[in-house]
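My numbering applies: residue -17 is where the sequence shown begins, and numbers increase by one.
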Amino acid sequence: MNGSILIFLLITSVSLLSTLGSSAQDEKNVARPNILLILSDDRSVPYLGVYGNPDLKTPHLDSLAQSDVRFNRAYTTAPQCVPSQASILTGRNVVDIRINRFTAPLAREIPTTPEFLDSVDYYTGICVRSYHLDGSSRKADKTVETYQKYDMVTFTERVDYLKKGSDPEVLGQFQEILGQVPSEMPFFRWMNFSDPHRKFTADAYEPDPMKITVPNGMPDTKEVRKYLAQHYGEIMRLDAHIGEVFNELEQRGIANKAIIIFTGDDGAALLRGKETLYDLGLHVPLIVAGPGVASGASRPSEK
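Below you can see the structure in the form of structure tokens.
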């Protein structure tokens, strides 16, 4: 299953919940879940404990998958972050939405998840390392002028809250947006973490390179082991950051009122991974948890 299709279905379900009531009181009594989309940059299957990697300790994401639904055949629409994220946020094919290069902005006329949810009274927000969809953050002066002239920067108008920052700042941004959500109003929040994107900097989380198992298809060399250990370190640091977010939901008493979606935008930056059409470049984790998700949902087979 493609992650963008799943999110589109969630939006449709929420929209139906908001319009099925026959009166204003009926609509008020419909329980609409908060939605938290957590995106990990450069993330492939099987690089997560719950997907069978014994060298990765990811207890928070593992517990999420064990209690709800883990998809085993989720594939991104593109092996690069910008087109993939655009597809996830719109539920449409990258060709259809004309995102054919890394620096392409999403056209104003193409609606996104936050806008659908805003129409049914959700408080929407994006706080990420980079959300990419207004074009590259490193624009030349002439490019900035062109974007302004043709009104191509749109995301400040598509969401209620928009802020960029590093991974350690995400929790503070999450707390900030929760403090701004109007009473009795559900929220949608896209939380995009950099880890395990290069550069690899999670030294304190790295396993011993000589004790890990080198995946089939990769040469068992000292350099490959070191690279894998660095990649694994970032994944385990990410799990720690996500644990802080889950704890915040618990502390506020809303953990059981949120649909949480965890996935990757494209494959790992490893051999035959990101920017390729090999399985490692397209096959991403997808975990969905929350009210009503586990009941009536079946796990795909392991094949």
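For every residue, glycine included, the Cβ atom is placed at its ideal position computed from N, Cα and C. Just so it is clear, the structure is predicted and the values come from calculations on it, not from any experiment.
Run of the beta strand (DSSP E) containing residue i, from where it starts to where it stops
i    : result
L268 : L268 to A271
N16  : N16 to S22
R171 : F169 to F175
F53  : V51 to F53
Y143 : Y143 to K146
With 16 other Cβ atoms within 10 Å as the buried cut-off, status of residue i
i    : result
S49  : exposed
N198 : exposed
M218 : buried
D185 : exposed
Y187 : buried
D190 : exposed
P273 : exposed
D78  : exposed
D123 : exposed
P87  : buried
Neighbourhood of residue i by C-beta, 6 Å cutoff - its chain only, sequence neighbours within 5 removed
i    : result
Y104 : P168 and F170
P28  : G34 and N35
E64  : Checking the displayed sequence, the identity of residue 64 turns out to be Val instead of Glu. Within the same chain, V64 has close Cβ partners F84 and H114.
Whether residue i touches residue j by CB criterion (8 Å)
i    : j    : result
P267 : A56  : yes
G147 : Q155 : yes
L264 : L252 : no
P178 : H213 : yes
S211 : I236 : Just to set this straight, residue 211 is Ala in the shown sequence, not Ser. No, the pair does not count as a contact, with Cβ atoms beyond the cut-off.
L259 : P15  : no
A250 : D24  : yes
S176 : R120 : no
R180 : M192 : no
V227 : L144 : no
Helix, strand or coil at residue i [DSSP, three-state]
i    : result
D248 : coil
P201 : coil
V110 : strand
A237 : helix
G255 : coil
Y57  : strand
D44  : helix
Y105 : strand
D221 : helix
P28  : coil
G117 : strand
I159 : helix
Neighbourhood of residue i by C-beta, 8 Å cutoff - its chain only, sequence neighbours within 5 removed
i    : result
Q67  : L21, Y113, H114, L115, N174 and D247
R90  : D133, M134 and T136
D300 : The first residue shown for the chain is -17 and the last is 285, placing residue 300 beyond what the model contains.
Nonlocal neighbours in the same chain, by C-beta distance under 7 Å from residue i, ignoring five residues either side
i    : result
L46  : I242, F244, I269 and A271
V141 : P96, T106, G107 and I108
V275 : D50, V51 and I241
L231 : A237 and A240
First through last residue of the alpha helix (DSSP H) which encompasses residue i
i    : result
K181 : First-last for K181: undefined, no H or E at that position.
L262 : D261 to L264
S66  : C63 to T72
L99  : T95 to D100
Y129 : D123 to K131
T85  : Run containing T85: none; DSSP gives neither H nor E here.
R140 : F137 to R140
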